[in-house]
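So that you can map any letter, position 22 of the sequence shown is 22 in the UniProt record's numbering, and since no number is skipped, the others follow by simple counting. Using N, Cα and C, we set each Cβ at its ideal position, and we do this for glycine too. In what follows, a structure is listed as structure tokens, so that the remarks can point back to it.
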Amino acid sequence: MVSDGLRLIFAVENRNYAEVTRLLDKGVDVNYIDPLGNSPLHTAVDIKNFEIAELLLKRNANVNTNVNRFGQSIPSPLYWAARRGHLGVLKLLIAYGASLETKCSNGLLPIHVAAEKGHFKIVKYFVENKLYHVDICTRTLRTPLSFAVVGGHSAIIKYLIKCNADVTKADISNRSSAFRHACKVTRGDLIEALIRKGFKLDGFYYGETPLHLFVRSGLLSEARRLIESGVMSYLEADVSGNTPIHVAVQYNQKEMLEYFFKMGISADFQTGEGYSLLHAAATFGRSQMVTFLLENGASIDGKIIFKGTTALHLASYHNHCGVIQVLLNKGADVMARDQRFLRPLDYVYEEFINDAESVDDMEFSAEVLVKHMLLFCKDVEVPTPIYFSSKTSINEFKQKCQEELERMKTCLIENTTVSLYTFLQALRNKNKLLNFLRNHELKEELRNIKKYIDKYPIYSSLLPMILHGVHNGKERLLLLEKASAAMDIIVPNLILECKINILQMLNNKDLSSLIESVTV
């Protein structure tokens, strides 16, 4: 049976002024609380009905009703009026004595929720009538301005700034100032407004500079403004040792990184400790960024000083399978040792102790590394720790790899005496690969390399690596031929053996420069 109290709530919800009046005249409790913790006044405010709200207040409704239900505090009617954006109802509640100190369970005052929801007239009413200070904070020190920025409410933001809101105040729970929020939501217009109000661009804010924030959020024009005006150096590190250039890599901001390259930064850029851009990309699992950096000349096997870790070590430690595959396909040293003499595979096993839940991904990473180790490193031992839960399956995988490799040794590439196994090993020996590519019959048959590698289920996935290696080999051969002709012009009497040795020591970029010097 429906109680009279619920009938009153239903009448309010249906905007039935006459029925509400009849029930109140009958003596129904004006402060009845329904099972969810709402009073008739809450309901009237929620549906923005000024007339019924006024009627309830005249009949002595509790303007500051604040109920606890299921461990949750139900905010007062004033909070709901601010949230719903009804200025008339809000003024009515204040006139009847609503407490301005009312808060929701998250500690937000009515002005905070009004700013968050974008109710400009209510925020303006609170500030103009000095009901709240423009910078009044939540318990985590968030101001109305920061809520407005998060919501992207430009009119409120501009108004609060005009009222001298502090643009530097930050939330202590996540260290986010209004400026940081503006960067996060990539609002250039808001950033400009904050800067004009006096936000300092040359300082540190919780360990980061504004330039770090711009780069992270992909705000290229704002970043360029700081750099090109000389306000901030793109080489300046934050408290974690990351430069804005590293941040661009970490947050996959390719366009930002291209800008830094145009400014003269090398793809091999690194900190004083040897932490390179490629290390950052591998650590954060940015496989596309890894590819981009390598295409622009990043050193694939560069090591961090004092640790000896390569990008492949870092990708293995963090179990970024995609990055591991990219690095190996591009020629990373699968047997590289760090200062502790550990290989990338050891990092996979080592991390398993700390994160056994990711065993499937770790098994995949281990298999990719094992496959390359057995192919490129003759007689290498690939032990599997006894604590590794997939020990049996890894050992079975190793056995299958070895069986495929044995079959490859007897698979000759047509019109040559070179086995598929021998050719694949040459992918890690630059000079040997070039010698193979000088063989016309072999080079022609490599157009059909897919039909050879497809016979081997495990190693067929190496096709991208093979094609990449062959392409790079052909490109280098062409450069060597042109550079050799250039050397004949520059030093015509140089002994042939000396010329060959010099050319072999030059990388592709140096060979191109040598060729261009003669062409020009």
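Less than 7 Å between C-beta atoms, sequence neighbours within five positions excluded: which residues of the same chain meet that for residue i?
| i | result |
| --- | --- |
| N60 | V30 |
| E396 | none |
| L220 | E255, M256, Y259 |
Please classify residue i as buried or exposed, where buried requires at least 16 other C-beta atoms within 10 Å of its C-beta.
| i | result |
| --- | --- |
| F214 | buried |
| D346 | buried |
| I517 | It is Ser, not Ile, that sits at residue 517 in the sequence shown. Exposed, since its Cβ has fewer than 16 Cβ neighbours within 10 Å. |
| T283 | buried |
| R447 | exposed |
| L100 | exposed |
| T43 | buried |
| A98 | buried |
| P344 | buried |
| F147 | buried |
| L496 | exposed |
| E295 | exposed |
| Q250 | buried |
| T519 | exposed |
| T310 | buried |
| C104 | buried |
| Q399 | exposed |
| C401 | buried |
Does DSSP put residue i in a helix, a strand or coil?
| i | result |
| --- | --- |
| L36 | coil |
| S287 | helix |
| L477 | helix |
| S266 | coil |
| S146 | helix |
| S105 | coil |
| L327 | helix |
| residue 521 | Nothing can be reported for residue 521: it is not among the residues displayed for the chain, which extend from 1 to 520. |
| I305 | coil |
| D171 | With a pLDDT of 49 at D171, under the threshold of 50, the predicted position of this residue should be treated as unreliable, and no value is reported. |
| I495 | coil |
| I245 | helix |
| I74 | strand |
What number of angstroms, rounded off, separates the C-alpha of residue i from the C-alpha of residue j?
| i | j | result |
| --- | --- | --- |
| L478 | H471 | 11 Å |
| G107 | L131 | 17 Å |
| R175 | L327 | Reliability of the predicted coordinates at R175 is poor, the pLDDT of 48 falling under 50, and no value is obtained from them. |
| A426 | T410 | 16 Å |
| L211 | K330 | 32 Å |
| S365 | I453 | 21 Å |
| F292 | S240 | 24 Å |
| E367 | E351 | 15 Å |
| Y275 | F306 | 11 Å |
| K121 | T102 | 19 Å |
| residue 527 | C163 | This structure cannot speak to residue 527, because the chain is shown only from 1 to 520. |
| Q270 | R84 | 52 Å |
| L78 | I9 | 18 Å |
| A115 | I245 | 35 Å |
| C321 | G285 | 8 Å |
| L23 | A82 | 28 Å |
| V167 | S512 | 52 Å |
| N242 | I304 | 14 Å |
| E463 | R216 | For clarity, residue 463 is Leu in the given sequence; the question names Glu instead. If you take the alpha carbons of L463 and R216, they lie about 35 Å apart. |
| D510 | K117 | 59 Å |
| S299 | D268 | 6 Å |
| N501 | H468 | 25 Å |
| L160 | N507 | 58 Å |
| E481 | T417 | 26 Å |
| V45 | S39 | 10 Å |
Would you say residue i touches the ligand SAM, meaning its beta carbon is less than 7 Å from a heavy atom?
| i | result |
| --- | --- |
| V326 | Within the structure as shown, the ligand SAM is missing, as the structure has no ligands at all. |
Leaving out five residues before and five after residue i in sequence, what residues of the same chain have Cβ atoms less than 6 Å from its Cβ?
| i | result |
| --- | --- |
| L514 | A483, A486 |
| Y205 | Note that Y205 scores 49 on pLDDT, short of 50, meaning its location in the model is unreliable; the coordinates nonetheless yield the value given after this. Hits under 6 Å: none found. |
| Y317 | Y347, E351 |
| R428 | F376 |
| L312 | L327, A332, P344 |
Can you list, in chain order, the residues of its chain with a C-beta nearer than 8 Å to that of residue i? Leave out the 5 residues immediately preceding and following it.
| i | result |
| --- | --- |
| Y17 | E51, I52, L55 |
| M408 | S419, L420, Y421, L424, Y456, Y459 |
| T21 | L55 |
| N14 | none |
| S76 | V63, N64, T65, N66, A98, S99, T102 |
| D135 | T143, P144, L145, A165, D166, K169 |
Thinking residue i and residue j are a contact (beta carbons under 8 Å), I'd like their distance in whole angstroms, please.
| i | j | result |
| --- | --- | --- |
| H112 | P144 | 6 Å |
| L278 | G302 | 7 Å |
| K256 | A223 | It is worth fixing the name first, because residue 256 is Met in this sequence and not Lys. Contact flag correct, Cβ pair sits at about 7 Å. |
| G374 | L405 | Note that residue 374 corresponds to Leu in the displayed sequence, not to Gly. At roughly 6 Å, the Cβ-Cβ gap stays under 8 Å, so L374 and L405 are in contact. |
| I466 | I490 | With 8 Å as the limit, I466 and I490 do not qualify as a contact, their Cβ atoms being about 36 Å apart. |
| Q504 | N415 | Wrong, their Cβ atoms sit about 28 Å apart, outside the cutoff. |
| K474 | L442 | Between L442 and K474 the Cβ distance is about 12 Å, and since that is not below 8 Å, they are no contact. |
| M289 | N319 | The Cβ separation is near 17 Å, so there is no contact. |
| L57 | L92 | 7 Å |
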